[in-house]
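Visitor:
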Amino acid sequence: MINMFALASFPDHKIFALILGTTALETLIILIIAIYNLIRICFQKSKRAYTILFSVLVLIEYLIFQVFLYIIAEFKDSKEVGFDNKTVELILLQSAVTIVVLAMTQTVRRWEKRSVTKASLKEGLDSLPVGLLFYWKGGMVKLVNTKMDSISRSLTGKGIYSGTEFWDMLVSKDMNIFPDKNLKDKADNYSNIVNADDYQKKECIVRLEDGSVYSFKQSICIFEGHELVEIMATDISQEQLLNEKLKVKRVKVDEIKKRLQSLNSEIETMTVQKEILATKSKVHDDLGKTLIMTRRYLETQDESLGDDIIKQWKLNTMLLRGEEN
Numbered sequence: 189m190i191n192m193f194a195l196a197s198f199p200d201h202k203i204f205a206l207i208l209g210t211t212a213l214e215t216l217i218i219l220i221i222a223i224y225n226l227i228r229i230c231f232q233k234s235k236r237a238y239t240i241l242f243s244v245l246v247l248i249e250y251l252i253f254q255v256f257l258y259i260i261a262e263f264k265d266s267k268e269v270g271f272d273n274k275t276v277e278l279i280l281l282q283s284a285v286t287i288v289v290l291a292m293t294q295t296v297r298r299w300e301k302r303s304v305t306k307a308s309l310k311e312g313l314d315s316l317p318v319g320l321l322f323y324w325k326g327g328m329v330k331l332v333n334t335k336m337d338s339i340s341r342s343l344t345g346k347g348i349y350s351g352t353e354f355w356d357m358l359v360s361k362d363m364n365i366f367p368d369k370n371l372k373d374k375a376d377n378y379s380n381i382v383n384a385d386d387y388q389k390k391e392c393i394v395r396l397e398d399g400s401v402y403s404f405k406q407s408i409c410i411f412e413g414h415e416l417v418e419i420m421a422t423d424i425s426q427e428q429l430l431n432e433k434l435k436v437k438r439v440k441v442d443e444i445k446k447r448l449q450s451l452n453s454e455i456e457t458m459t460v461q462k463e464i465l466a467t468k469s470k471v472h473d474d475l476g477k478t479l480i481m482t483r484r485y486l487e488t489q490d491e492s493l494g495d496d497i498i499k500q501w502k503l504n505t506m507l508l509r510g511e512e513n
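Counting in the numbering used here, the sequence shown runs from 189 upward without gaps.
Right under this line is the structure:
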């Protein structure tokens, strides 16, 4: 069967060299792909069969590549042009290995999409809008996502190399957590600043140079039987802005409340004064009537009016004394 594909000779040195060079380049590319997949599946600790298969493919591709290099070197030295059976078999073998490597690459990719691997977990954490940092109690960083690394570089100009130093920096006074003198009062609605030596759940708030505000929460989780410290950074810039607007509105409401209280007091004063004025007017009217009755009594000497006049004078006297008081 191989003899059917064999060519006795090739009339053009350039075409023969082009075929050898192209095939050798293809072999090198497939070798690199196989090595990349082998490293990736070893890092992800995927199926053992994938590791063994790609190890074999890498070895085969390496040997094929070395053979092609040998053939090219022989061609340069002897300038002999022609395909023998071994060369054709080698090219066919390389084509078969190429198909297997590409097929296995697609298989590994499908497996990665269906499985939770370290790479997919890291990619998922990096896509989160919150900053995440995990480190051992000694400070050694276990994992940090892109968002937290960006926050650290905004605050310190460098990445996170020690979790404890990063947390101490956040809660330290030197960090100037509240550059705005009013920020601490605003932050009280969210959290309390606590000592970094206490590894219970804690929280602090930091304003970055760009004006964004982040809430940092520290908590303990268990990983592989050991305590792991977690720090989560959440952007509360919008909440902070709403809180500031709410405080302004509260001040306005308090001012309106004071005005209403003052107005209510004035209304009560006016009502009392109106009642006093009405009482005075009634007293004066009654006093006028009493004077008229007294004058009539003096003119007519009518004894029947005497008792009524005395009662009216007593009543008016009491009202006048009350008005004076």
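The C-beta atom is built at its ideal place from N, Cα and C for all residues, glycine as well. Computed from a predicted structure; not experimentally measured.
Which residue's Cα is closest to the Cα of Pro-317: Arg-438, Thr-422, Leu-247?
Guide: Comparing Cα positions, the closest option is Thr-422.
Visitor: Label Glu-412 either buried or exposed according to how many other C-beta atoms from any shown protein chain fall within 10 Å of its C-beta, with 16 as the threshold for buried.
Guide: By the neighbour-count rule (16 or more Cβ atoms within 10 Å), Glu-412 is not buried but exposed.
Visitor: Alpha carbon to alpha carbon, how far is Thr-344 from Val-359? Give it in angstroms, no decimals.
Guide: Taking the straight line from one Cα to the other gives about 14 Å.
Visitor: Apply the 10 Å Cβ neighbour rule to Ile-444 and answer buried if 16 or more other Cβ atoms are within range, or exposed otherwise.
Guide: Flag for Ile-444 reads exposed.
Visitor: Which runs of the beta strand (DSSP E) at least 3 residues long sit entirely within the stretch 324–351? Give them in chain order.
Guide: You should have 329–332.
Visitor: Would Gly-347 pass as a contact of Asp-337 if the rule is Cβ separation under 8 Å?
Guide: Result yes, Cβ atoms of Gly-347 and Asp-337 sit closer than 8 Å.
Visitor: Identify the residues that DSSP records as bridge partners of Phe-322: which are they?
Guide: For Phe-322, which the question treats as bridged, DSSP gives the partners Leu-331, Glu-418.
Visitor: Does the structure place the stretch 217–229 close enough to the stretch 240–252 that three or more beta carbon pairs sit under 8 Å?
Guide: Contact between the stretch 240–252 and the stretch 217–229 is present, because at least three Cβ pairs lie under 8 Å.
Visitor: Determine the direct distance from the alpha carbon of Leu-448 to that of Ile-480, and round the result to whole angstroms.
Guide: Going by the C-alpha atoms only, they are around 48 Å apart.
Visitor: Thinking C-alpha only, which one of Leu-208, Phe-256, Gln-294, Glu-487 is nearest Phe-242?
Guide: Taking only the C-alpha atoms, the option nearest Phe-242 is Gln-294.
Visitor: For a test of the three-state rule: what should DSSP assign to Lys-446, helix, strand or coil?
Guide: Of the three classes helix, strand and coil, the one that applies to Lys-446 here is helix, per DSSP.
Visitor: Mind checking if Ile-480 is an interface residue toward chain C, Cβ cutoff 8 Å exclusive?
Guide: The structure shown contains no chain C, having only a single protein chain.
Visitor: Determine contact between the stretch 320–335 and the stretch 404–420, defined as no fewer than three beta-carbon pairs at a distance below 8 Å.
Guide: Touching, yes, given that three or more Cβ pairs across the two stretches are closer than 8 Å.
Visitor: Distance check for Thr-467 and Tyr-485, CA to CA, integer angstroms please.
Guide: Taking the straight line from one Cα to the other gives about 27 Å.
Visitor: Helix or strand or just coil, what does DSSP make of Glu-311?
Guide: If DSSP states are grouped into helix, strand and coil, Glu-311 belongs with the helices.
Visitor: Taking only three categories from DSSP, how would you classify Lys-470?
Guide: Residue state, collapsed to three classes: helix.
Visitor: Report the option in Asp-474, Thr-488, Glu-487 whose CA atom is closest to the CA atom of Lys-499.
Guide: Comparing Cα positions, the closest option is Asp-474.
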